[in-house]
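Residue 163 is where the sequence shown starts when you use my numbering, and the numbers rise one by one after that.
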Amino acid sequence: MHGLAGCRSQLLVACGLALSGFPLLARRPRAAWVVSCFGDSHTEGIYGAPWVPDLQRRLRVECRNFGRNAWTAASVARRADAAQGAEAAVVLAGTNDALLELAWRAGNQGMLSIYRALNELPADYQPSQEAFAASFRHLLSKPHVLLC
Numbered sequence: 163m164h165g166l167a168g169c170r171s172q173l174l175v176a177c178g179l180a181l182s183g184f185p186l187l188a189r190r191p192r193a194a195w196v197v198s199c200f201g202d203s204h205t206e207g208i209y210g211a212p213w214v215p216d217l218q219r220r221l222r223v224e225c226r227n228f229g230r231n232a233w234t235a236a237s238v239a240r241r242a243d244a245a246q247g248a249e250a251a252v253v254l255a256g257t258n259d260a261l262l263e264l265a266w267r268a269g270n271q272g273m274l275s276i277y278r279a280l281n282e283l284p285a286d287y288q289p290s291q292e293a294f295a296a297s298f299r300h301l302l303s304k305p306h307v308l309l310c
């Protein structure tokens, strides 16, 4: 497969395989499993192909969509506590971090203003690999979190 459909299929297979072997999923009967899905517009389903409904159909479990347009990894990490009560949380993030860094390097103040407002970032925020890595470390510190 090529393009978005191929990428979505690969993502679903990877997440599905990871979740199917996730030992903590045995806490409740499969029919009661809940998977929280975090990310940006790709997770929310605004642009491209919405993958959360496909994941729910393939796994036959409830998948809750916590994706929001323009969210960075830091925004996702701040909201990861919403995954409590779920057997697992799947995170797809990083696209907006890359776009934010490109806008910052190009001096695109309009784009920076939009990202700062949508992510509640301070006016002097500067994207960095360290901040991005810290966000993912925070996510991985949460129980039941899988990064895709």
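Backbone N, C-alpha and C fix where the C-beta goes; we use that ideal spot for every residue, glycine too.
**OP:** With a threshold of 16 other CB atoms inside 10 Å of the CB of L274, please say whether the residue is buried or exposed.
**Re:** Buried is the call here.
Original post:
Would you report the Cα separation of A232 and V214, rounded to the nearest angstrom?
Top reply: Here the C-alpha atom of A232 lies approximately 17 angstroms from the C-alpha atom of V214.
**OP:** Determine the closest residue to A239 out of R190, D286, A194, C199, with distance taken between C-alpha atoms.
**Re:** Residue nearest to A239 within the set R190, D286, A194, C199 is C199 (criterion: CA-CA distance).
**OP:** May I ask you to list the residues that DSSP assigns as paired with L254?
**Re:** G201, per the DSSP bridge assignment.
Original post:
Can you name, in chain order, every residue of its own chain whose Cβ lies under 6 angstroms from the Cβ of A236, other than the five neighbours on each side?
Top reply: Excluding residues within five positions, the ones whose Cβ falls inside 6 angstroms are S297.
Subject >> Cut-off 8 angstroms between Cβ atoms - residues of its own chain near A293, not counting five sequence neighbours on either side >> reply: Sequence-distant Cβ neighbours of A293 in its own chain, meaning closer than 8 angstroms and more than five residues away, are A236.
Subject >> Assigned secondary structure, R226 (DSSP; H/G/I helix, E/B strand, else coil) >> reply: Three-state result, R226: strand.
Original post:
Less than 8 angstroms separating the beta-carbons of A251 and A245?
Top reply: If you check the CB distance, A251 and A245 come in under 8 angstroms.
Original post:
By Cβ distance below 6 angstroms, which residues in the same chain neighbour H300 in space, the five residues on each side in sequence not counted?
Top reply: Here the set comprises A239.
Original post:
Applying the criterion that 16 or more other CB atoms from any shown protein chain within 10 Å of the CB defines a buried residue, is D286 buried or exposed?
Top reply: Sixteen is the threshold: since fewer than 16 other Cβ atoms of the shown chains lie within 10 Å of the Cβ of D286, the residue is exposed.
Subject >> Top-ranked residue by Cα proximity to L283, from L254, G256, W195, T234 >> reply: Among L254, G256, W195, T234, the Cα nearest to that of L283 belongs to T234.
Subject >> Alpha carbon of Q218 to alpha carbon of A295, nearest angstrom >> reply: Within the model, the alpha-carbon separation for Q218 versus A295 is close to 29 angstroms.
Original post:
CB N258 to CB D202, shorter than 8 angstroms?
Top reply: Contact flag set, yes.
Original post:
Whose C-alpha, out of D216, V223, P212, is nearest the C-alpha of R192?
Top reply: Nearest option by C-alpha distance: V223.
**OP:** Go ahead and label L174 buried or exposed: buried means 16 or more other beta carbons lie within 10 angstroms of its beta carbon, across all protein chains shown.
**Re:** For L174, the predicted structure reports a pLDDT of 49, less than 50, and the residue's modelled location is therefore unreliable. A value from the coordinates is still provided. Classification of L174: buried, given that the 10 Å Cβ count is 16 or more.
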